[in-house]
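Its first residue numbered 189, the sequence shown is counted upward by one per residue in our numbering.
Where is the CB? At the ideal position from N, CA and C, for every residue including glycine.
Source: prediction; values computed, not measured.
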Amino acid sequence: MKWSFPARLACVCLLALMYCPCQVTADEHHYRNMFIGGRAGGLAGAYTALSDDTAGCYYNPAGIAMAPSMSISASANTYQRSLKVYKNTLTGTDGKQFDWQQTSSSLLPNFFGVVKKAGPGWLGISYAVPDSTRRRQDQVFTNITSSLGANYVGQYVINIDDTDNTYLFGPSYALRFGQNVSLGTTVYVHYRHKQVIRNQLLQFNEGEHLWVNYYDNQEDWGIRPILGLIWEPVQPIALGLTVSQTHVFAKERREQTILRDTTSSVFADTNRVDLVTSDYHQGMDAPVQTTFGMAWFVSPRLLFSTDIAYNAPIEDKETVWNLSVGAEYYIWDNLALRIGIYTDRANTPDLNPNLTNQPEHIDIYGMNGGISLYHGHSSVTLGFSYGYGSGQAQVIADSTVIQDATIQNGALFLAASYGF
Numbered sequence: 189m190k191w192s193f194p195a196r197l198a199c200v201c202l203l204a205l206m207y208c209p210c211q212v213t214a215d216e217h218h219y220r221n222m223f224i225g226g227r228a229g230g231l232a233g234a235y236t237a238l239s240d241d242t243a244g245c246y247y248n249p250a251g252i253a254m255a256p257s258m259s260i261s262a263s264a265n266t267y268q269r270s271l272k273v274y275k276n277t278l279t280g281t282d283g284k285q286f287d288w289q290q291t292s293s294s295l296l297p298n299f300f301g302v303v304k305k306a307g308p309g310w311l312g313i314s315y316a317v318p319d320s321t322r323r324r325q326d327q328v329f330t331n332i333t334s335s336l337g338a339n340y341v342g343q344y345v346i347n348i349d350d351t352d353n354t355y356l357f358g359p360s361y362a363l364r365f366g367q368n369v370s371l372g373t374t375v376y377v378h379y380r381h382k383q384v385i386r387n388q389l390l391q392f393n394e395g396e397h398l399w400v401n402y403y404d405n406q407e408d409w410g411i412r413p414i415l416g417l418i419w420e421p422v423q424p425i426a427l428g429l430t431v432s433q434t435h436v437f438a439k440e441r442r443e444q445t446i447l448r449d450t451t452s453s454v455f456a457d458t459n460r461v462d463l464v465t466s467d468y469h470q471g472m473d474a475p476v477q478t479t480f481g482m483a484w485f486v487s488p489r490l491l492f493s494t495d496i497a498y499n500a501p502i503e504d505k506e507t508v509w510n511l512s513v514g515a516e517y518y519i520w521d522n523l524a525l526r527i528g529i530y531t532d533r534a535n536t537p538d539l540n541p542n543l544t545n546q547p548e549h550i551d552i553y554g555m556n557g558g559i560s561l562y563h564g565h566s567s568v569t570l571g572f573s574y575g576y577g578s579g580q581a582q583v584i585a586d587s588t589v590i591q592d593a594t595i596q597n598g599a600l601f602l603a604a605s606y607g608f
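This is the structure we're talking about:
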């Protein structure tokens, strides 16, 4: 939903950011926002046909049945930073163009898991944070043009402080059938908390002003079941398949808008403040995701892996295909290097120049890497991730103007695994 001002304010061409809050909070237009686990992160998420450690609870629970030791625990910490730029969003009275810049950063333990032999199979418990964003924008612009002619905007202040976090926690269980096939399942409890806070002030050259304060708080509860299969048809090849979907069964959302406007004769009392609130209680499921993976064990020291992920269309989200390709090489028996590339394509359509209030479309392409030091069944991993994307956005409400947009995502992760 986009939100804009009444028709009396339509003449002010820079009433920007009056648009859907999800466009500048955590990236709901992409499905791959944070990598889970040290080894999987170094392989850029190409892990569906491997998954033989605690991260398999998240990527493919069938893989934990092939764990190399009787019990494994692992944790990972990630520092993530992002920069998004909307180019030439505003125009100064001297003709100079101004960009919007939004930064995001987070530092958190985004994974913890334990896997242990239990009965005929393997039992796992894991906690994962696949999405965590805190996006900020603090900018002040002066002498900005408006369609009111000589009554330009002397000062435009915009402040954004948005957070969006998704948490998963739950059990996994996997069974191995013979030497070549394993099946597994994970049932995650899904919790998401999103908070949007933004404030805007426009002070016009002739003394009028417009102040808007917007607040949006949302909590989702649901479950995310994951079904997984791994099959080794011949000795050097492993194939993996997973199917998952998040079902949101409880959603609480409250929006609040405070508006003070002295640009309109309708507001005869210049001290008048409008307050609008709304509540939502309707859950919404995520698309079904199917991932196929293949791993090729070239030698005891070298492997290649690849994942192809299909996200089905749902409501306003389009079909999305993503690809991950990774390689792992053991320099020595206790030192491994990993590198991978990935795509993170947008689930929104290309922008139409004849339409308004469209969600942004930015496809991201990236590279990951990592190094692991082993001692027996225990390891320490240090890795990185970098992604870059360019596309288009439409940040001004009820306008057909389209802005070019870019995004850069970077992350460092440190993971430790203990096997015994």
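Could you give the residue range of the beta strand (DSSP E) that holds Arg441?
Secondary structure note for Arg441: its beta strand (DSSP E) is the uninterrupted segment His435 to Asp449.
Based on Cα-Cα distance, which residue from Tyr274, Asp521, Val317 and Pro541 lies nearest to Ala243?
The residue among Tyr274, Asp521, Val317 and Pro541 with its C-alpha nearest the C-alpha of Ala243 is Val317.
Taking buried to mean at least 16 other C-beta atoms within 10 Å of its own C-beta, is Val212 buried or exposed?
Unreliable placement is indicated for Val212, whose pLDDT of 42 sits below 50; the coordinate value is still reported in the next sentence. Val212 should be labelled buried.
Uninterrupted beta strand (DSSP E) stretches inside the segment 521-591 (no shorter than 3 residues):
523-532, 549-563 and 566-581
Shortest alpha-carbon distance to Leu336 belongs to which of Asn393, Asp349 and Ile224?
Asn393
In the DSSP output, what is Phe601 paired with across the bridge?
Thr266 and Gly571
Quick check: the segment 228-240 against the segment 521-528, are at least 3 beta-carbon pairs closer than 8 Å?
Yes, the segment 521-528 is in contact with the segment 228-240.
Run of the alpha helix (DSSP H) containing Gly301, from where it starts to where it stops:
That residue, Gly301, is in no alpha helix (DSSP H); its beta strand (DSSP E) goes Gln285 to Ala306.
If we ignore side chains and look at the alpha-carbon of each, how far apart do Arg364 and Pro424 end up?
18 Å
For Ser432 and Leu295, what's the separation of their Cα atoms in angstroms?
Approximately 27 Å, taken between the alpha carbons.
Please report the residue range of the alpha helix (DSSP H) in which Ala228 lies.
Gly226 to Gly230
Separation of Gln290 from Gln582, as counted between CA atoms
15 Å
Between the alpha carbons of Gln325 and Trp484, how many angstroms are there, rounded?
45 Å
Suppose you measure from the CA of Val568 to the CA of Ala604; what does that come to, to the nearest Å?
4 Å
For Tyr379, which three-state DSSP category applies?
strand
State the DSSP-derived secondary structure class of Phe193, mapped to helix, strand or coil.
Legend: pLDDT at Phe193 = 38, less than 50; position of this residue unreliable, no value from coordinates given.
Three CB pairs or more closer than 8 Å across the segment 461-477 and the segment 509-519:
With the cut-off at 8 Å, the segment 461-477 and the segment 509-519 do not touch.
Classify Trp520: buried if its beta carbon has 16 or more other beta carbons within 10 angstroms, exposed otherwise.
exposed
I'd like the list of long-range same chain contacts for Thr354, defined as Cβ closer than 8 Å, with 5 residues on each side in sequence excluded.
Ala214, Val317, Pro318, Asp319, Ser320, His378, Tyr379 and Arg380
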